[in-house]
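Top line first, the protein sequences correspond to chains H and D.
Residues in the first sequence are numbered from 1 upward in steps of one, following my numbering.
Residues in the second sequence are numbered from 272 upward in steps of one, following my numbering.
Don't be surprised by glycine CBs; every beta carbon is placed ideally from N, CA and C.
If you're wondering where the values come from, they're calculated on a predicted model, not measured in any experiment.
Have a look at the structure below before the remarks.
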Amino acid sequence: MSRIAARFESLRARGRTALIPFVTAGDPNAATTVALMHAMVTAGADLIELGVPFSDPIADGPVIQRATERALANGIALSDVIAMVRAFRATDAQTPVVLMGYLNPIEVMGYAQFAAQAAAAGVDGALVVDVPPEEGHDLVGALRAQGLDLVYLLAPTSTEQRIRRIGAAASGFVYYVSVKGVTGAGHLDLVGVADRVGVIKSLIPLPVGVGFGIKDAATAAQVARLADAVIVGSAIVSQIEDLVATPERIPAVIGDFLSGLRAAMDGADRG
Amino acid sequence: MATQPATTAETIDDRRARADVRARTPYHWPDADGHFGPYGGLFVPETLMQPLTELREAYERYLGDPQFQAELDADLQDYVGRPSPIYLAARWSRELGGARIFLKREDLNHTGAHKINNTVGQALLARRMGKTRIIAETGAGQHGVASATVAARLGLECVVYMGEVDVARQEANVYRMRLLGARVVPVKSGSRTLKDALNEAMRDWVTNIDNTFYIIGTVAGPHPYPAMVRDFQSVIGREARAQMLARTGRLPDALVACVGGGSNAIGLFYPFIEDTEVAMYGIEAAGDGLETGRHAAPLNAGRPGVLHGNRTYLMEDSNGQIIETHSVSAGLDYPGVGPEHAWLKDSGRARYDAITDQEALAAFHCLTRTEGIIPALESSHALAYAAKLAPTMRREQSILVNLSGRGDKDMHTVAKHEGLIL
């Protein structure tokens with residue numbers, strides 16, 4: 001069983017919804033990222049999504065675009081991101097890490113090479129935003145050969161047929177994009193999300209995470225009632241942006257923010 | 272996607288030429304999933320998969336719909352001004368010596384370039400699909416103007432994304448778009464040029480898919496765009512093939528077209544693909560020179576990767592980040608290229624070469640002085656290559672150059688290179 005599957009199984013046994021923070025690797029600098037990952041785990045993160053910077057992030061809103069630009073200005077490459085996971089694994093063998101990004105850096109490294117290096121460093125899976133199952137065959141093969149999960153997005157526009165197809169291709173969990181839009185978009189429609197998550201869960205057996213548009217503890221608590229995982233990205237990254245001048249404060253500030261989300265979600269679980 | 276729109280001004284020769292192409296067409300790209308060999312495809316976030324499926328289905332349906340085709344043909348004739356003529360550049364050809372050079376006069380189209388062939392088609396499709404809002408990306412502004420033009424005519428809301436750098440260097444086109452009622456949004460992310468405008472348009476589309484139709488201006492993007500834009504633009508090659516046969520009794524020996532994304536080149540090449548005796552040359556922007564790295568020539572100096580929904584040749588660094596391009600011509604300033612060109616290159620059917628800023632500017636002046644035709648800087652790249660090619664060929668041979676646009680928009684750029692401020 002993969003580290004991701006094991007983590008979701010143990011959470012289910014404890015009746016706890018996963019909290020999955022997203023941060024862009026190397027934002028605002030390479031040194032901060034690993035310390036931030038540990039701080040997030042301490043604050044209650046169950047799995048970490050680490051963004052791999054790409055020059056043309058078409059699915060991302062302005063907040064994560066700017067984080068990407070800061071990371072690229074630091075020269076952060078895919079191999080650097082893998083190295084950060086290796087460093088994180090030196091003291092945390094438990095928390096799953098999923099790399100989230102776009103295909104071209106992986107394409108340049110080579111699928112097999114990427115899968116081998118990532119697995120050796122302790123990466124657990126990848127979410128490649130611009131690879132739908134129609135184009136994912138070779139990538140899935142390379143990742144599976146190294147025991148890595150390929151996490152897929154589902155969208156409000158996904159038909160039942162697509163949900164089934166993606167369910168068959170994905171492993172670990174699926175990531176339901178809760179709004180039509182880019183990361184950090186607003187106006188989460190909770191009734192609509194509840195409905196779609198219900199449909200997804202009736203069609204595929206994988207855990208369902210919900211992300212895009214979860215900004216605060218109250219929303220996180222509401223989403224926690226209907227999903228297996230709450231994914232928070234832009235709300236964290238915008239706080240990192242506010243602290244670029246004092247990066248040493250970032251792990252503590254983000255840790256506090258996540259503790260608040262965790263407490264609200266756990267209250268929701270009990271309720 | 273084999274059915275092609277016909278113009279109402281079609282002659283017997285036109286029809287014969289078209290039937291000829293179809294009868295001998297084992298060339299069948301793209302496949303059902305939008306691949307041209309290993310290139311093309313559908314590399315987009317999940318939210319766009321269903322809208323792209325709907326677009327593909329609608330496009331395939333209307334392609335075979337006689338009423339849609341009749342409407343398109345009428346628009347191409349009455350609104351765009353088709354067929355565009357072919358013109359023998361006799362004086363220029365004599366000066367160069369060697370092959371005779373014919374120009375396909377896409378510069379005479381409404382709005383001054385080939386771009387309108389495609390926007391007329393996509394706008395009709397948008398209306399049939401019940402979309403009320405048009406978005407587009409633009410570099411030089413020609414596609415933005417062509418999109419704003421058709422949106423004005425059909426009464427559709429229009430938003431054009433344009434890199435902040437391009438907004439500054441193409442002021443006149445920005446004003447034209449605004450006059451036409453479009454909202455021009457300067458894009459401040461990334462390199463603030465065409466590729467970033469495309470990123471921003473995709474983000475808009477993801478957010479507003481219910482009412483919005485995204486008119487992509489070139490043969491790039493996710494399936495079905497490369498095939499759809501090719502089909503709308505191939506009216507250029509269909510006309511030109513029949514016109515050359517009627518005029519000279521034979522096909523041209525060589526076709527030359529500039530390649531940024533590559534829509535005018537594919538539009539010219541596609542109806543000639545099975546005419547293997549016709550050489551095809553796609554000309555990229557070598558900028559300051561391929562050896563300087565400051566260029567926009569992915570087919571000549573890039574390598575395959577994935578950007579903007581398709582796999583194709585890209586300008587990228589060793590980590591897979593897309594790098595900034597350079598060309599004196601904003602319309603060629605793009606780090607990718609249509610996937611069908613990538614396939615035509617690998618398969619050897621077309622050859623791709625590159626022309627520097629200086630060579631393009633020289634050709635710009637040359638055509639202007641010898642023929643009284645001011646070409647767009649994009650098209651000047653094709654002209655510069657034809658000027659190299661012609662002297663290597665015999666007098667009874669002919670070259671057909673796609674004069675894809677007129678140069679009015681480039682007055683400021685050319686003047687600046689002469690040290691003048693207009």
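Stretch pair the region 148 to 165 of chain H + the region 121 to 135 of chain H: three plus CB contacts closer than 8 Å
Three or more pairs of CB atoms, one per stretch, sit closer than 8 Å, so the region 148 to 165 of chain H contacts the region 121 to 135 of chain H.
Here's the rule I'm using: 16 or more other beta-carbon atoms within 10 Å means buried, otherwise exposed. How should Val-292(D) be labelled?
Confidence at Val-292(D) is low in this model, with a pLDDT of 47, below 50, so the placement of that residue is unreliable and no value is reported for it.
So is Lys-180(H) in contact with chain D if we call contact Cβ pairs under 9 Å?
yes
Where Val-98(H) sits in the DSSP three-state scheme
strand
Between which two residues does the alpha helix (DSSP H) harbouring Met-84(H) extend?
Taken as a continuous stretch (DSSP letters only), the alpha helix (DSSP H) holding Met-84(H) covers 78 to 89.
In three-state terms, what does DSSP make of Leu-150(H)?
strand
Going along chain D, which residues have a C-beta under 7 Å from Ile-200(H)?
What Ile-200(H) touches in chain D: nothing, since even the nearest Cβ is about 12 Å away.
With 9 Å as the threshold, decide whether the Cβ of Leu-78(H) is near any Cβ in chain D.
yes
Buried versus exposed call for Gln-514(D) [16 or more other C-beta atoms within 10 Å across all chains shown]:
Gln-514(D) sits buried, since 16 or more C-beta atoms from the chains shown fall within 10 Å of its C-beta.
Residues of its chain near Ala-536(D), where Cβ-Cβ distance is below 6 Å and the 5 sequence neighbours each way are ignored
Ala-528, Val-530 and Gly-553
Going by beta carbon distance, what residues of the same chain come within less than 8 Å of Arg-665(D), once the five residues before and after it are set aside?
Contacts found: Gly-369 and Ala-370.
In chain H, what lies closer than 8 Å to Asn-482(D) by C-beta?
Near Asn-482(D) there are no residues of chain H at all, since even the closest Cβ is about 11 Å away, more than 8 Å.
For the beta strand (DSSP E) containing Lys-375(D), list its first residue and its last residue.
Where Lys-375(D) is concerned, the enclosing beta strand (DSSP E) stretches over 371 to 376.
Three-state class that DSSP yields for His-306(D) in the structure shown:
If DSSP states are grouped into helix, strand and coil, His-306(D) belongs with the strands.
Would you mind stating whether Tyr-656(D) and Asp-681(D) have Cβ atoms separated by less than 9 Å?
no
6 Å Cβ shell around Val-85(H) - same chain, five flanking residues per side excluded
Excluding five sequence positions before and after Val-85(H), the CB atoms of its chain that fall closer than 6 Å to its own CB belong to Val-97, Ala-121, Gly-122 and Val-123, given in chain order.
Using only the alpha-carbon positions, how far apart do Leu-326(D) and Ile-645(D) sit?
37 Å
Return no unless some Cβ of chain H is closer than 9 Å to the Cβ of Gly-401(D).
no
Which residues of chain D have a Cβ atom closer than 9 Å to the Cβ of Arg-196(H), listed in chain order?
Here the premise fails: no neighbours, minimum Cβ distance about 12 Å.
Using the C-alpha atoms, what's the distance from Gly-461(D) back to Glu-69(H)?
7 Å
Can Gly-383(D) and Asp-628(D) be called in contact, C-beta distance under 9 Å?
no
Compare the C-alpha of Val-500(D) against each of Ile-372(D), Leu-539(D) and Gly-426(D) and name the closest.
Leu-539(D)
By the 10 Å Cβ neighbour count, where 16 or more other Cβ atoms means buried, how is Thr-32(H) classified, buried or exposed?
buried
Which first and last residues belong to the alpha helix (DSSP H) in which Ser-364(D) is found?
361 to 367
Segment contact, 8 Å Cβ cut-off, at least three pairs: the region 305 to 314 of chain D with the region 350 to 358 of chain D:
no
Around the C-beta of Tyr-584(D), are 16 or more other C-beta atoms found within 10 angstroms, so that it is buried, or is it exposed?
buried
For chain H, is any of its Cβ atoms less than 9 Å away from the one on Asp-604(D)?
no
Outcome for His-579(D) when other beta-carbon atoms lying within 10 angstroms are tallied against a minimum of 16
That one is buried.
For Ser-706(D), which beta-bridge partners are listed by DSSP?
With chain D covering only 272 through 693, there is no way to say anything about residue 706(D).
Any beta carbon of chain H sitting closer than 9 Å to that of Arg-474(D)?
yes
Within chain D, partners of Phe-54(H) - CB distance below 9 Å
Gly-591, Gln-592 and Ile-593
What does Leu-674(D) pair with, by DSSP beta-bridge criteria?
Arg-376(D)
CB-CB length for Thr-183(H) against Gly-61(H), believed under 8 Å
5 Å
Quick check on the burial criterion: 16 or more other C-beta atoms within 10 angstroms. Buried or exposed for Asp-437(D)?
buried
When the distance is taken between beta carbons, is Leu-526(D) closer than 9 Å to Ile-670(D)?
yes
Beta-carbon neighbours of Leu-578(D), restricted to chain H and to distances below 8 Å:
By Cβ distance, chain H contributes Asp-56 and Asn-104.
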